[in-house]
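With the sequence shown counted from 1, adding 218 to any position gets you our numbering.
In this text, a Cβ means the ideal position worked out from N, Cα and C, and glycines have one as well.
None of these values were measured; they are calculated from a predicted model.
This report concerns only the one structure given below.
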Amino acid sequence: IPTFYLLRVLELVSSLSAGDLLVRAGEWDPRTQDEPLPYQDRAVNSIIRHLSHRADTLYHDVALLALQEPFVKADNVGVVCLPGPGARFNLVNSVASGWGQDKLGTQEIFQTPLKKVELPIVPHDECQKKLRTTRLSPFFKLHSSFICAGGESGRDTCQVWYCLCAQAGRAAETPARYGIVYLRAGGESGRDTCQVLY
Numbered sequence: 219i220p221t222f223y224l225l226r227v228l229e230l231v232s233s234l235s236a237g238d239l240l241v242r243a244g245e246w247d248p249r250t251q252d253e254p255l256p257y258q259d260r261a262v263n264s265i266i267r268h269l270s271h272r273a274d275t276l277y278h279d280v281a282l283l284a285l286q287e288p289f290v291k292a293d294n295v296g297v298v299c300l301p302g303p304g305a306r307f308n309l310v311n312s313v314a315s316g317w318g319q320d321k322l323g324t325q326e327i328f329q330t331p332l333k334k335v336e337l338p339i340v341p342h343d344e345c346q347k348k349l350r351t352t353r354l355s356p357f358f359k360l361h362s363s364f365i366c367a368g369g370e371s372g373r374d375t376c377q378v379w380y381c382l383c384a385q386a387g388r389a390a391e392t393p394a395r396y397g398i399v400y401l402r403a404g405g406e407s408g409r410d411t412c413q414v415l416y
């Protein structure tokens, strides 16, 4: 993704206009101005919503935020790679990063500084079976494009949330030839519970 776009979960910005948003990159600890490296703020020029988005299913729950000026790459500001068509992931573990919450709710305090958590990938059929025992319904059908991660006590995106990335390529080849490369595999959509094992 070029440095003048930001990929977000549409659900998080669907009720907002571009003028409501200011994007910050490179933030480490929002409680202090004493950062290891300076962060960058950018105004949003427009929100580009996925044309096939369906709020009732969260299919295509993505938006691009077009920035008024690009971010400058730095040690604490980088770009994320997107998978190409037919890309394969090492779907064993994923990494999520961001500022999590102990519990959901508007009064809760986000954890700082920036955190990351490794989450195991949950197989599609197992995830669908577990989700059918939640508020969804016994007939819920998990779309094949969705990836489920987590399910371990104390390791979920309530503690850390924002971007789900998975290791790219064939495990035997990628680290030897290119080092470990992570691609953006998804974003968190539709969470309404914390510390619930699906």
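Three-state secondary structure (DSSP) of residue i
i, result
"Lys291", "coil"
"Ala273", "coil"
"Leu349", "helix"
"Ala236", "helix"
Strand pairing of residue i, partner residues [DSSP]
i, result
"Arg242", "Asp259"
"Arg249", "DSSP, once it has assigned bridges, lists no residue as partnering Arg249."
"Ile365", "In the DSSP output, where bridge partners are listed per residue, Ile365 has none listed."
"Ala284", "Tyr223, Ser264"
"Val340", "Cys366"
Endpoints, beta strand (DSSP E) assigned at residue i
i, result
"Leu225", "223-227"
Distance between beta carbons of residue j and residue i, contact taken as under 8 Å
i, j, result
"Glu229", "Leu276", "7 Å"
"Val295", "Ala243", "5 Å"
"Gly369", "Val335", "Contact flag wrong, Cβ pair sits at about 12 Å."
"Leu240", "Ala261", "6 Å"
"Gln258", "Val231", "That pair is no contact at about 19 Å."
"Ala292", "Asn263", "Contact doesn't hold; Cβ gap of about 22 Å is too wide."
"Ala314", "Leu349", "Wrong, their Cβ atoms sit about 18 Å apart, outside the cutoff."
"Leu419", "His342", "A query on residue 419 cannot be resolved here, the shown segment of the chain reaching from 219 to 416 and no further."
"Phe419", "Gln346", "No statement about residue 419 is possible, as the shown extent of the chain runs from 219 to 416 and does not include it."
Cβ-heavy atom distance, residue i to the ligand PLP, below 7 Å
i, result
"Pro338", "As for the ligand PLP, it is missing from this structure, which has no ligand bound."
- Give a yes or no on contact between the stretch 297-304 and the stretch 247-257, applying the rule of three or more CB pairs nearer than 8 Å. Short answer: they don't touch.
- Message: With a threshold of 8 Å, are at least 3 pairs of Cβ atoms found where one atom belongs to the stretch 221-237 and the other to the stretch 269-280?
- Response: These segments touch.
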